[in-house]
Amino acid sequence: MNNDDYTRTGLGTGEADLNTNRADAGDTTALNTLIGTLIDSVNGYQKAAADTDNTRFAELFNARAQERQAAVTKLQAAVARMGGNPEDDGTTAGAIHRGWINLKEAVVGRDDEAIVNSVESGEDYLKEKFEAALRHTDLPAEARSAVEQAWQSVKAGHDEMSQLKHAIS
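As numbered in numbering that gives the first Met the number 0, residues 0 to 168 make up the sequence shown, in order.
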(Lines of atoms letter the chains of each structure in order from A and count residues from 1; the text may use other names and numbers.)
(Lines give C-alpha, C1' and ligand atoms only; values in the text may rest on other atoms or scores of the structure.)
Protein backbone atom coordinates (compact mmCIF):
# COMPACT_ATOMS: atom_id res chain seq x y z
CA MET A 1 0.00 0.00 0.00
CA ASN A 2 1.36 3.44 -0.76
CA ASN A 3 0.57 6.90 0.50
CA ASP A 4 -2.16 7.51 -2.08
CA ASP A 5 -4.55 4.89 -0.73
CA TYR A 6 -6.61 7.14 1.52
CA THR A 7 -5.99 10.42 -0.28
CA ARG A 8 -9.65 10.73 -1.09
CA THR A 9 -10.57 10.99 2.56
CA GLY A 10 -10.40 14.62 1.65
CA LEU A 11 -12.07 14.66 -1.69
CA GLY A 12 -12.89 13.50 -5.15
CA THR A 13 -10.42 14.02 -7.93
CA GLY A 14 -11.84 17.16 -9.39
CA GLU A 15 -14.81 16.06 -11.46
CA ALA A 16 -16.77 18.87 -9.82
CA ASP A 17 -13.88 21.11 -8.85
CA LEU A 18 -14.74 24.52 -7.52
CA ASN A 19 -13.80 27.08 -10.14
CA THR A 20 -14.27 30.53 -8.73
CA ASN A 21 -13.47 32.18 -12.06
CA ARG A 22 -16.40 30.70 -13.96
CA ALA A 23 -19.25 33.15 -14.31
CA ASP A 24 -21.77 30.28 -14.42
CA ALA A 25 -20.54 28.65 -11.19
CA GLY A 26 -23.44 29.45 -8.88
CA ASP A 27 -23.31 29.66 -5.15
CA THR A 28 -25.15 26.39 -4.62
CA THR A 29 -22.83 24.68 -7.11
CA ALA A 30 -19.84 25.85 -5.09
CA LEU A 31 -21.41 24.57 -1.87
CA ASN A 32 -22.44 21.28 -3.48
CA THR A 33 -18.86 20.76 -4.63
CA LEU A 34 -17.72 21.09 -1.03
CA ILE A 35 -20.53 18.81 0.15
CA GLY A 36 -19.51 16.07 -2.31
CA THR A 37 -15.90 16.27 -1.24
CA LEU A 38 -16.86 16.27 2.45
CA ILE A 39 -18.95 13.14 1.85
CA ASP A 40 -15.86 11.57 0.28
CA SER A 41 -14.01 12.59 3.45
CA VAL A 42 -16.63 10.90 5.66
CA ASN A 43 -16.38 7.72 3.58
CA GLY A 44 -12.58 7.82 3.60
CA TYR A 45 -12.36 8.28 7.35
CA GLN A 46 -14.80 5.42 7.89
CA LYS A 47 -12.68 3.20 5.64
CA ALA A 48 -9.48 4.22 7.41
CA ALA A 49 -11.10 3.44 10.80
CA ALA A 50 -12.17 0.01 9.56
CA ASP A 51 -8.74 -0.73 8.07
CA THR A 52 -6.53 0.17 11.03
CA ASP A 53 -5.74 -2.25 13.83
CA ASN A 54 -4.87 0.67 16.12
CA THR A 55 -7.83 1.41 18.42
CA ARG A 56 -6.69 4.99 19.04
CA PHE A 57 -6.49 5.70 15.31
CA ALA A 58 -9.87 4.05 14.70
CA GLU A 59 -11.49 6.25 17.36
CA LEU A 60 -9.83 9.34 15.91
CA PHE A 61 -10.91 8.50 12.35
CA ASN A 62 -14.48 7.75 13.45
CA ALA A 63 -14.66 11.04 15.37
CA ARG A 64 -13.47 12.95 12.29
CA ALA A 65 -16.03 11.12 10.14
CA GLN A 66 -18.81 12.19 12.51
CA GLU A 67 -17.54 15.76 12.58
CA ARG A 68 -17.41 15.87 8.79
CA GLN A 69 -20.94 14.46 8.58
CA ALA A 70 -22.13 17.33 10.78
CA ALA A 71 -20.44 19.79 8.39
CA VAL A 72 -22.16 18.07 5.44
CA THR A 73 -25.54 18.44 7.14
CA LYS A 74 -24.99 22.16 7.78
CA LEU A 75 -23.88 22.85 4.21
CA GLN A 76 -26.82 20.85 2.83
CA ALA A 77 -29.19 22.96 4.93
CA ALA A 78 -27.58 26.15 3.60
CA VAL A 79 -28.02 24.96 0.00
CA ALA A 80 -31.67 24.12 0.66
CA ARG A 81 -32.30 27.53 2.27
CA MET A 82 -30.75 29.15 -0.82
CA GLY A 83 -33.28 27.30 -2.97
CA GLY A 84 -30.84 24.75 -4.33
CA ASN A 85 -30.82 20.96 -4.43
CA PRO A 86 -28.25 19.78 -1.85
CA GLU A 87 -25.71 17.16 -2.89
CA ASP A 88 -26.33 13.91 -1.05
CA ASP A 89 -23.62 11.68 -2.42
CA GLY A 90 -19.86 11.72 -2.74
CA THR A 91 -18.15 12.18 -6.05
CA THR A 92 -17.87 9.45 -8.65
CA ALA A 93 -14.13 9.89 -8.59
CA GLY A 94 -14.11 9.29 -4.83
CA ALA A 95 -16.04 6.03 -5.28
CA ILE A 96 -13.66 4.88 -8.01
CA HIS A 97 -10.71 5.72 -5.79
CA ARG A 98 -12.12 3.64 -2.91
CA GLY A 99 -12.52 0.71 -5.32
CA TRP A 100 -8.89 1.09 -6.34
CA ILE A 101 -7.88 1.12 -2.66
CA ASN A 102 -9.73 -2.16 -2.08
CA LEU A 103 -7.94 -3.77 -5.03
CA LYS A 104 -4.52 -2.56 -3.87
CA GLU A 105 -5.16 -3.77 -0.32
CA ALA A 106 -6.01 -7.22 -1.63
CA VAL A 107 -2.65 -7.31 -3.40
CA VAL A 108 -0.23 -5.55 -1.04
CA GLY A 109 -1.93 -5.19 2.35
CA ARG A 110 -2.06 -2.11 4.57
CA ASP A 111 -0.30 -0.55 7.55
CA ASP A 112 -1.09 2.32 9.90
CA GLU A 113 1.69 4.61 8.72
CA ALA A 114 0.51 4.35 5.11
CA ILE A 115 -3.10 4.94 6.20
CA VAL A 116 -2.18 8.04 8.22
CA ASN A 117 0.04 9.41 5.44
CA SER A 118 -2.75 9.01 2.92
CA VAL A 119 -5.39 10.50 5.21
CA GLU A 120 -3.13 13.52 5.72
CA SER A 121 -2.69 13.86 1.97
CA GLY A 122 -6.46 13.87 1.57
CA GLU A 123 -6.68 16.54 4.24
CA ASP A 124 -4.27 18.69 2.23
CA TYR A 125 -6.56 18.39 -0.78
CA LEU A 126 -9.68 19.20 1.25
CA LYS A 127 -7.97 22.21 2.79
CA GLU A 128 -7.17 23.54 -0.69
CA LYS A 129 -10.82 23.17 -1.72
CA PHE A 130 -12.04 25.16 1.25
CA GLU A 131 -9.39 27.84 0.81
CA ALA A 132 -10.56 28.23 -2.80
CA ALA A 133 -14.18 28.51 -1.66
CA LEU A 134 -13.27 31.14 0.91
CA ARG A 135 -11.52 33.17 -1.80
CA HIS A 136 -14.85 33.20 -3.67
CA THR A 137 -15.77 36.74 -2.66
CA ASP A 138 -19.23 36.69 -4.23
CA LEU A 139 -20.67 34.09 -1.86
CA PRO A 140 -23.74 35.38 -0.06
CA ALA A 141 -23.39 35.87 3.69
CA GLU A 142 -25.27 32.67 4.59
CA ALA A 143 -23.18 30.54 2.24
CA ARG A 144 -19.94 32.12 3.46
CA SER A 145 -20.95 31.52 7.07
CA ALA A 146 -21.67 27.82 6.37
CA VAL A 147 -18.33 27.43 4.56
CA GLU A 148 -16.46 29.19 7.37
CA GLN A 149 -18.03 26.90 9.98
CA ALA A 150 -17.12 23.79 7.97
CA TRP A 151 -13.64 25.25 7.44
CA GLN A 152 -13.04 25.08 11.20
CA SER A 153 -13.52 21.29 11.08
CA VAL A 154 -11.38 20.97 7.96
CA LYS A 155 -8.54 23.06 9.41
CA ALA A 156 -8.58 21.18 12.72
CA GLY A 157 -8.63 17.82 10.93
CA HIS A 158 -5.81 18.85 8.63
CA ASP A 159 -3.64 20.03 11.51
CA GLU A 160 -4.37 16.93 13.59
CA MET A 161 -3.55 14.52 10.75
CA SER A 162 -0.39 16.45 9.91
CA GLN A 163 0.78 16.20 13.53
CA LEU A 164 -0.08 12.50 13.64
CA LYS A 165 1.79 11.86 10.40
CA HIS A 166 4.92 13.56 11.71
CA ALA A 167 4.67 11.76 15.06
CA ILE A 168 4.64 8.27 13.52
CA SER A 169 7.03 8.89 10.60
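Note that CB positions come from ideal geometry on N, CA and C, so glycine has one too.
Check: Go to Gly156, then tell me how far its alpha helix (DSSP H) extends in each direction, as first and last residue.; Outcome: Ala140 to Ile167
Check: If you draw a straight line from the C-alpha of Asp52 to the C-alpha of Asp111, how long is it?; Outcome: 8 Å
Check: Quick test of the definition: if touching needs 3 or more C-beta pairs under 8 Å, does the segment 29-41 touch the segment 132-151?; Outcome: yes
Check: With three or more beta-carbon pairs closer than 8 Å as the criterion, would you say the segment 69-80 touches the segment 118-133?; Outcome: no
Check: Would Gly156 be called buried (16 or more neighbouring beta carbons within 10 Å of its own) or exposed?; Outcome: buried
Check: For Asp88, I'd like the list of residues in its chain whose CB is within less than 8 Å of its CB, leaving aside the five on either flank, ordered along the chain.; Outcome: Gly35 and Ile38
Check: In terms of residues, what are the limits of the alpha helix (DSSP H) holding Gly35?; Outcome: Asp26 to Asp50
Check: Could you give the residue range of the alpha helix (DSSP H) that holds Glu58?; Outcome: Thr54 to Arg80
Check: Which residue marks the beginning of the alpha helix (DSSP H) containing Gly121, and which one marks its end?; Outcome: Asp111 to Arg134
Check: Assuming Ala145 contacts Leu74 under a Cβ cut-off of 8 Å, what Cβ separation, rounded to an integer in Å, is found between them?; Outcome: 5 Å
Check: With distances taken Cα to Cα, identify the nearest neighbour of Gly121 among Arg63, Ala69 and Thr28.; Outcome: Arg63
Check: To which residues of the same chain is Val41 closer than 6 Å at the C-beta, ignoring the five residues directly before and after it?; Outcome: Ala64, Arg67 and Gln68
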